[in-house]
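K.L.:
For reference, the structure I am asking about is given below.
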Amino acid sequence: MPPEININDVYQTFAMTSNKQNQYRIRKMLETDIKTVVKIEQVTWLDESWSSQEFFDCLNHPHWQCWTLESTNNDNLILGYCFQYIYKHVSHIANLCIDPNQRGHGLGETLLRYMIDYSCLFGASVIKLKVNTSNIPAYRLYDKYGFRIVQFLPQYYSKHADAYQMILRL
Ligand SMILES: CC(C)(COP(=O)(O)OP(=O)(O)OC[C@H]1O[C@@H](n2cnc3c(N)ncnc32)[C@H](O)[C@@H]1OP(=O)(O)O)[C@@H](O)C(=O)NCCC(=O)NCCS
1 MPPEININDV YQTFAMTSNK QNQYRIRKML ETDIKTVVKI EQVTWLDESW
51 SSQEFFDCLN HPHWQCWTLE STNNDNLILG YCFQYIYKHV SHIANLCIDP
101 NQRGHGLGET LLRYMIDYSC LFGASVIKLK VNTSNIPAYR LYDKYGFRIV
151 QFLPQYYSKH ADAYQMILRL
């Protein structure tokens, strides 16, 4: 059984700046979030998006941890989300996405830090992920947090796009 971790023990509502207009919260994703999450996913990944059914399946699988980042000042508007799969001391980051209109303000970094902290609390010893070699923002984000390339995966994605496998030892 996964340990019970109270999300409020990890991250309280937080502000990215001293401006109280900008307050955010990370919480467990709900099925009612999926409609909005899919919209952000589709505008980001187009025909490579996860489907509603894939999000739904993850939410209902015991090894998946699914998080929503929302604004607490703006009708709890969903601004980003992430998914990690934790099993046998290995945490896999499978999805991390910020609404295109909200990028560049530290929200992606906040979700990544959250998943790293959660992996530690969960007893994982390593975090693994794959990133498209042309995705410079994501690669730089992971590199900033100590992830290192361990493998080059040629044509891993559709349209012959290559990937890096990256890992962070905890
Ligand atoms: C990757 C992503 C999650 C980053 O989220 P974000 O909120 O825009 O990023 P942040 O503002 O938190 O930036 C944190 C770090 O990421 C890197 N970064 C973010 N945007 C960048 C850009 N346009 N160019 C280069 N580096 C960038 C930087 O290292 C930055 O740290 P710095 O500000 O100290 O330089 C976001 O761009 C996104 O949702 N992209 C589409 C989905 C995606 O690619 N997901 C990852 C799949 S592996």
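FYI, in UniProt numbering the residues of the sequence shown are 1 to 170.
Positions of the beta carbon are idealized from the N, C-alpha and C atoms, including for glycine.
Just so we're clear, the structure is a prediction, and the values are computed from it rather than from any experiment.
#1: Should I127 and D99 be called a contact, given that it needs their Cβ atoms to be closer than 9 Å?
#2: Within the same chain, show all residues whose beta-carbon is closer than 7 Å to that of W64, passing over the 5 residues directly before and after it, in chain order.
#3: By Cβ distance, which residues of its chain are closer than 8 Å to A124, with the 5 residues on each side in sequence left out?
#4: Kindly indicate the opening and closing residues of the beta strand (DSSP E) around W67.
#5: Please classify T68 as buried or exposed, where buried requires at least 16 other C-beta atoms within 10 Å of its C-beta.
#6: With 16 as the cutoff for other CB atoms within 10 Å, does F152 come out buried or exposed?
#7: Who sits around ligand 1, taking every residue whose Cβ is closer than 6 Å to one of its heavy atoms?
#8: My output table needs one value for H92: the three-state DSSP class, helix, strand or coil.
#9: Going by alpha carbons, who is nearest to M29 out of V150, V38, K130?
#10: In chain order, which alpha helix (DSSP H) runs of at least 4 residues are fully inside the segment 29-69?
#11: If you follow the alpha helix (DSSP H) that A138 is in, where does it begin and where does it stop?
#12: Take E109 and list the residues in its own chain whose beta-carbon comes closer than 7 Å to its own, dropping the five residues that flank it on each side.
#13: Do you know whose CA, among I167, N135, S158, G80, lies nearest S119's CA?
#14: List the endpoints of the continuous alpha helix (DSSP H) containing L112.
P.N.:
The structure says:
#1: No, they are not a contact pair.
#2: Contacts found: C58, F83, Y85.
#3: Cβ neighbours of A124 within its own chain (closer than 8 Å, five residues either side excluded): I86, H89, V90, S91, L170.
#4: Start and end: 64-71.
#5: By the 10 Å Cβ count, T68 comes out buried.
#6: The residue in question, F152, is exposed, as its Cβ has fewer than 16 Cβ neighbours within 10 Å.
#7: In chain order, the residues positioned with their C-beta nearer than 6 Å to some heavy atom of ligand 1 are T44, L96, C97, I98, R103, G104, H105, G106, L107, G108, E109, V131, N135, I136, P137, A138, R140, L141, K144.
#8: DSSP places H92 within a strand segment (E or B) once states are collapsed to three.
#9: That would be V38, whose Cα lies nearest to the Cα of M29.
#10: List check, alpha helix (DSSP H) in window: 34-45, 52-59.
#11: It spans 136-144 - the alpha helix (DSSP H) in which A138 sits, taken as one unbroken run.
#12: Within the same chain, E109 has close Cβ partners L141.
#13: That would be I167, whose Cα lies nearest to the Cα of S119.
#14: First-last of the alpha helix (DSSP H) with L112: 107-121.
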